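Novice: Pasting in a structure now, in structure tokens, and then I'll have a few things to ask.
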Amino acid sequence: MGPGETEITLTINGKATKVKVETRTTLLDACRERLEITGAKRVCDRGTCGACTMIVNGKTVYGCTTLAVDNVGKKIETIENLTAGAKPHPIVPAFSNNDALQCGYCTPGMVMASKGLLDRTPNPTYDQVKAGLGGNLCRCGTYVGIRKAVLEAAKELRASGGRKSGGSNA
Amino acid sequence: MNAFEYASPATLKEALGLLGNSWSDAAVLAGGTDLLSLMKDHIAEPKRVVNIKGIKELGGITKSGGGLRIGANATVDELMESAAVRAEYPSLVAAARGIDSPQVRNMGTVVGDLCQRPRCWYYRNGFGLLAMKGGKSLVESGQNEFHSIFSSGPAKFVSASSFGPALIALGAKVKIASASGSREVAVADFFKAPTGDGDREIDLKPNEIVTEIVVPAAKGAKNATYEVRNKEGLDWPLATASVVLTMKGANVATAKIVLGHVGPTPVVAADAASSLAGKAINEETATAAGKAAVAGAKPLSDNGYKVQLAAVAVKRALLAAAGKA
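Keeping their order, the protein sequence lines are chains A and B.
The first sequence begins at 1 in this note's numbering and counts up by one.
The second sequence begins at 1001 in this note's numbering and counts up by one.
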């Protein structure tokens, strides 16, 4: 297909959505510029900073470094899904409880990287949290608060029986 | 990024038919963690992108003849989680862990790690692979703190591969397919120091795909990788060493030592390795082997510190392999 525009269907946060993209459009740009799903941020755009982190088929990825056309038929989860249910995913209040952000630009990516980590490692040690967020940068240096938030959310998730997501649909 | 035609073939044969004879004809997409950045920066400008992720025969990590077969689509994460890898190849697990971003491990492939382009900032900013201007090396006269300390030719970048040194030490091979057949190359010969700007740093042609890595059985050989890093979190190491030891009692029977991120290819330290034969691994012998491994280093103006880091990496990898770290 391509190089011109093609209509594809992406399944984002449980919803199948038709979108016209070029083959060179990244998943991040398809979300942000075509679908107004703007939670994931475009910062380095080179798969380094992590601000665009999403979860695809259960694993964290950099939305800026995967083509939209390469994600047809996959389950894509963005940060919007974490507040889609009646109660937000526990990682969301844990970030505010622990001052886990300053300017906020890295936050959506940090939150999704944290959720991806907790989905795979529900009871992480401090070192596992540290290593598990190795793909995300915070230039304000709020790492200590973020790690505390992840540990708090892990505790909350275990107490509530491991509910994985704010929305039920991803 | 330039516009391109996109194909997602279901078979290797189809994929090979979509490649061309020039790098600008087509690029192979697997993990994409390097390719997409190269395309955004116009370092790679393929007219067609061939996504091989849908090709089932290129997937998976399986035990094969006592060793391992790592398919082209196998991600770094799959390698790290593989029971077969964890049981016998701690040097590969350590190299995978060094790729410190879960996102990159989830997306990026082990074969892609071998095929990624150098991270030299001159190259990435469009000054060419050798970064020459008016017959002079921009690296030599410019900022070179992360560059090569083992260059005999014009290439001053360092090989970015995390798995290359470990795979060479383990005696692994890559299988390469083209429309006209397939060939096998030892990983040690897959990396080459280019001498011209049009050359590649790996033995791969535009019409070829690396289909798998074949790692021989470890047969109880002790192996380890040690990376010296500037920071935790996603970055390339400053110097690494991968070692493989076979033992006779408490002493070394054979040793292999390969350095990473210090030369345009992984650097095999054959003399340092053979000097260990018949000796026990301890602080003293490991330190001496580290020193011997960097004896031929020729640092540039700002990277003399890497000589010491590489020596330390060798020492620590040896102690780790011997269970004394």
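Using N, Cα and C, we set each Cβ at its ideal position, and we do this for glycine too.
Here the structure is a predicted model, which means the values were calculated and not measured.
Which word fits A/C140, buried or exposed, when buried means at least 16 other C-beta atoms lie within 10 angstroms of its C-beta?
Specialist: When all chains shown are included, A/C140 counts as exposed.
Novice: Opposite A/E77 in the DSSP bridges: which residues?
Specialist: Per DSSP, A/I55.
Novice: Return the bridge partner residues of B/Y1226 from the DSSP annotation.
Specialist: B/Y1226 is bridged to B/A1241.
Novice: For A/L151 and B/Y1226, I'd like the C-alpha separation in whole angstroms.
Specialist: Answer to the nearest angstrom: the Cα atoms are 29 Å apart.
Novice: Output, in sequence order along the chain, the residues in the segment 69-85 of chain A whose CB is closer than 7 Å to any CB in chain E.
Specialist: Of the protein chains in this structure, namely A and B, none is chain E.
Novice: Across the segment 55-72 of chain A and the segment 27-42 of chain A, are there enough close Cβ pairs to call them in contact, namely three or more that are closer than 8 Å?
Specialist: The segment 55-72 of chain A, when compared against the segment 27-42 of chain A, does touch it at the 8 Å Cβ threshold.
Novice: At which residues does the beta strand (DSSP E) containing A/N13 begin and terminate?
Specialist: Taken as a continuous stretch (DSSP letters only), A/N13 belongs to no beta strand (DSSP E), as it is neither H nor E.
Novice: Would you say A/R152 faces chain B, with C-beta separation under 9 Å as the test?
Specialist: Note on residue identity: the sequence assigns Glu, not Arg, to residue 152 of chain A. For A/E152, the answer is no, since every Cβ of chain B falls outside 9 Å of its Cβ.
Novice: Along the segment 48-63 of chain A, where does the CB come closer than 7 Å to a CB of chain B? Name the residues.
Specialist: Taking 7 Å as the Cβ-Cβ cut-off against chain B, the residues of the segment 48-63 of chain A that qualify are T48, G50, T53, K59, T60, V61, Y62.
Novice: What residues in its chain sit with their C-beta under 7 Å from that of B/T1246, if we drop five residues either side in the sequence?
Specialist: Only A1221, A1253, T1254 meet the Cβ criterion.
Novice: Out of curiosity, what's the CA-to-CA distance linking B/V1244 and B/V1314?
Specialist: Straight-line Cα distance between these residues: approximately 11 Å.
Novice: Along the segment 1100-1128 of chain B, where does the CB come closer than 7 Å to a CB of chain A? Name the residues.
Specialist: Those would be D1100, S1101, P1102, Q1103, V1104, N1106, M1107, in chain order.
Novice: Go ahead and label A/V144 buried or exposed: buried means 16 or more other beta carbons lie within 10 angstroms of its beta carbon, across all protein chains shown.
Specialist: With fewer than 16 other Cβ atoms within 10 Å, it is exposed.
Novice: What do you reckon, are the CB atoms on B/A1193 and B/A1317 nearer than 9 Å?
Specialist: Their beta carbons are not under 9 Å apart, which means B/A1193 does not touch B/A1317 by this criterion.
Novice: Among B/L1092, B/A1297, B/A1095, B/V1049, which residue has its Cα nearest to the Cα of B/V1015?
Specialist: According to the sequence shown, residue 1015 of chain B is Ala rather than Val. Taking only the C-alpha atoms, the option nearest B/A1015 is B/V1049.
Novice: Check whether the Cβ atoms of A/C64 and A/C106 lie closer than 9 Å to each other.
Specialist: Going by C-beta atoms, A/C64 is not nearer than 9 Å to A/C106.
Novice: Does A/P3 have its Cβ less than 9 Å from a Cβ in chain B?
Specialist: Output row for A/P3: interface = yes.
Novice: Could you work out which residues of chain B lie near A/D45, taking near to mean beta carbons separated by less than 8 Å?
Specialist: The contacting residues are K1040.
Novice: Determine the DSSP secondary structure at B/N1125, reduced to helix, strand or coil.
Specialist: Looking at B/N1125 - three-state DSSP - the assignment turns out to be coil, as it is neither helix nor strand.
Novice: Rounded to a whole number of angstroms, what is the C-alpha to C-alpha distance between A/T25 and B/G1017?
Specialist: Their Cα atoms are separated by approximately 25 Å.
Novice: Which same chain residues, not among the five before or five after A/A113, have their C-beta less than 8 Å away from its C-beta?
Specialist: Only G50, T53, T60, G132, L133, G135, N136 meet the Cβ criterion.
Novice: Between B/L1010 and the rest of its own chain, which residues show a CB-CB distance below 7 Å, the 5 nearest in sequence each way excluded?
Specialist: One point to set straight first is that residue 1010 of chain B is Ala, not Leu, in the sequence displayed. Only G1054, I1055 meet the Cβ criterion.
Novice: On the DSSP bridge assignment, give the partners of B/L1068 in chain order.
Specialist: DSSP lists B/K1063, B/V1215 as partners of B/L1068.
Novice: Which residues of chain A have a Cβ atom closer than 7 Å to the Cβ of B/F1004, listed in chain order?
Specialist: Under the 7 Å cutoff, chain A gives G2, P3, T23, R24.
Novice: So which residues on chain A does B/T1033 lean against when the C-beta distance must stay under 7 Å?
Specialist: Chain A residues near B/T1033: G47, T65.
Novice: In angstroms with no decimal places, state the Cα-to-Cα distance between B/K1219 and A/N98.
Specialist: If you take the alpha carbons of B/K1219 and A/N98, they lie about 49 Å apart.
Novice: With a CB to CB cut of under 6 Å and the five nearest residues on each side skipped, what residues in its chain are close to B/M1107?
Specialist: Only G1031, T1033 meet the Cβ criterion.
Novice: So with Cβ pairs under 9 Å, would you call B/V1021 a contact of chain A?
Specialist: Inspection of the sequence shows that residue 1021 of chain B is occupied by Asn rather than by Val. Not one chain A Cβ lies under 9 Å of B/N1021.
Novice: On the three-state DSSP scale, how would you describe B/R1105?
Specialist: B/R1105 falls in the helix class under three-state DSSP.
Novice: Just mark A/R147 as buried or exposed, buried being the case when its beta carbon has 16 or more other beta carbons within 10 Å.
Specialist: Under this definition A/R147 is a buried residue.
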